[in-house]
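In our numbering, the protein residues as written are 7 to 460. Idealized CB from N, CA, C, for every residue including glycine.
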């Protein structure tokens, strides 16, 4: 099996790589275990030192890495550069805070002394996606390594150049040899690796199907997992919202990365009395987007990452139109590349695929709500629970409504976006566990209790 790097704008195959045989993967896991035995014994003050170098490399080579992202998965170059800067900010955050987060915690008990320490687990396999190919890896690997673990990366099959480059970056930053290793393998190779005794935990960001398979296999082998899966985030607009700001935020959330984000605003739920006005503003803002060559700094919307994604989006759109939805088209894309014309859909019904499935592209369904409780009902009428946004001038009301929504992240008068200092993750079929913040730092640790008798 070969892994191909295909430019989504030109359609050209830019590189091909052979996948690793099982014996090479097992050897990498063994080397990782050896590196772990040394790395885990270092004090946190030493383990955070390479993070400064890592942040510096990200900043110094931001444009170079951004070009790799754009050429492999089609993200506009300005957004790719912002992704690299965010990786640097993540390194800054843990460099500054990890020692405090991982220090032992004294707990009062009947014993003379009792306290908790946070010991690393071992070799952690990361199965990462293509849509934020540097950021997703960094937000898993940086806290995992800082906690004293070592990392094996199985990246998405369409970003092999990115995967190999990331391994170089960690080594150049000063992490020990074999503390971070990239494995060019497919899904079956990853599944066989999970079964190996050398693997102590698995973190996956991906689809519900992939998460179910990996979670089941890891559970069978009694290995800790963190799963960040799909989303169908509601973007809720109440009657007193600032419609101009809400519409601009909704367009940004729905179309960023060509709509290929787990936390994109995938269902726009608007109160009935303002729905038409909001829809008009949304379409107006959407039509102002510049769609085209992702290497052009002025481009707002690039191609989707794969040709088959265009086909999937087309099927979802056709299903809605056949069932009575009305389409409001956005800017026309160029003739070349894996583009999908952005579109707003109204007059929707619950059986349409755009409301039943996760839509990973620039299709924006606008749903009318008759009341606040109807809005909450619609927001929760999904198997997902990753993020949600509420727009209103009444912050107290928004905070009350936020407690009624089943999701891991609520943005009030804003959009859902990850932040190094805030925990990130979902509920229901959006997965379990948390990344980022001190919560993410402690996902792959043994929370060990030590008690001294009287």
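query, result
"Alpha helix (DSSP H) segment containing residue 38, residue limits", "28-45"
"Sequence-distant residues of its chain with Cβ nearer than 8 Å to residue 408 (five each side left out)", "394, 396, 416 and 418"
"According to DSSP, residues forming a beta bridge with residue 125", "452"
"Proximity below 7 Å, CB of residue 135 to CB of residue 162", "yes"
"Top-ranked residue by Cα proximity to residue 234, from 33, 460 and 429", "429"
"Beta carbon of residue 104 nearer than 7 Å to that of residue 90", "no"
"Limits of the alpha helix (DSSP H) - the one that residue 52 falls within", "50-53"
"Exposure label - residue 369; buried when at least 16 CB within 10 Å", "buried"
"Residue from 448, 398 and 451 whose Cα sits closest to the Cα of residue 250", "398"
"Ordered list of alpha helix (DSSP H) runs contained in the region 59-98, each at least 4 residues", "68-79"
"In chain order, each alpha helix (DSSP H) run of at least 4 residues that lies wholly inside the region 179-237", "193-200 and 214-226"
"Cβ contact check for the region 111-120 and the region 47-64: 3 or more pairs under 8 Å", "no"
"Nearest-angstrom Cα separation, counted from residue 246 out to residue 381", "14 Å"
"Rounded straight-line distance, which links the Cα of residue 405 to that of residue 414", "14 Å"
"Where the beta strand (DSSP E) through residue 333 begins and ends", "332-335"
"Start-end ranges of the beta strand (DSSP E) lying completely within the region 285-356, minimum 3 residues", "332-335 and 349-352"
"Distance, residue 232 Cα to residue 439 Cα", "5 Å"
"Beta carbon of residue 59 nearer than 7 Å to that of residue 156", "no"
"Local Cβ density within 10 Å of residue 420, reported as buried at 16 or more and exposed below that", "exposed"
"Presumed contact (8 Å Cβ cut-off) between residue 389 and residue 434, rounded CB distance", "6 Å"
"Extent of the continuous alpha helix (DSSP H) run through residue 141", "141-152"
"Simplified DSSP state of residue 402, which is helix, strand or coil", "helix"
"Assigned exposure category for residue 401 - 16 Cβ within 10 Å defines buried", "exposed"
"Burial state of residue 27 (16 or more Cβ within 10 Å)", "exposed"
"Whole-angstrom C-beta distance between residue 98 and residue 61, which should lie under 8 Å", "5 Å"
"Straight-line gap, residue 95 to residue 447 (C-alpha atoms, nearest Å)", "15 Å"
"Three CB pairs or more closer than 8 Å across the region 326-337 and the region 347-357", "yes"
"Backbone secondary structure at residue 131 - three-state DSSP", "strand"
"Inter-residue spacing [alpha-carbon to alpha-carbon] between residue 327 and residue 255", "26 Å"
"Beta-carbon contacts of residue 295 that lie in its chain and below 8 Å, excluding the five residues immediately before and after", "257, 261, 306, 307, 336, 337 and 348"
"Simplified DSSP state of residue 374, which is helix, strand or coil", "strand"
"Neighbourhood of residue 167 by C-beta distance below 7 Å, restricted to the same chain and skipping five residues each side", "11, 21, 74 and 78"
"Bounding residues of the alpha helix (DSSP H) (the contiguous stretch that carries residue 443)", "443-447"
"Beta-carbon spacing of residue 126, residue 153 below 7 Å", "yes"
"For residue 397: DSSP bridge partner residues", "243"
"Short Cβ contact (7 Å threshold) for residue 76 with residue 300", "yes"
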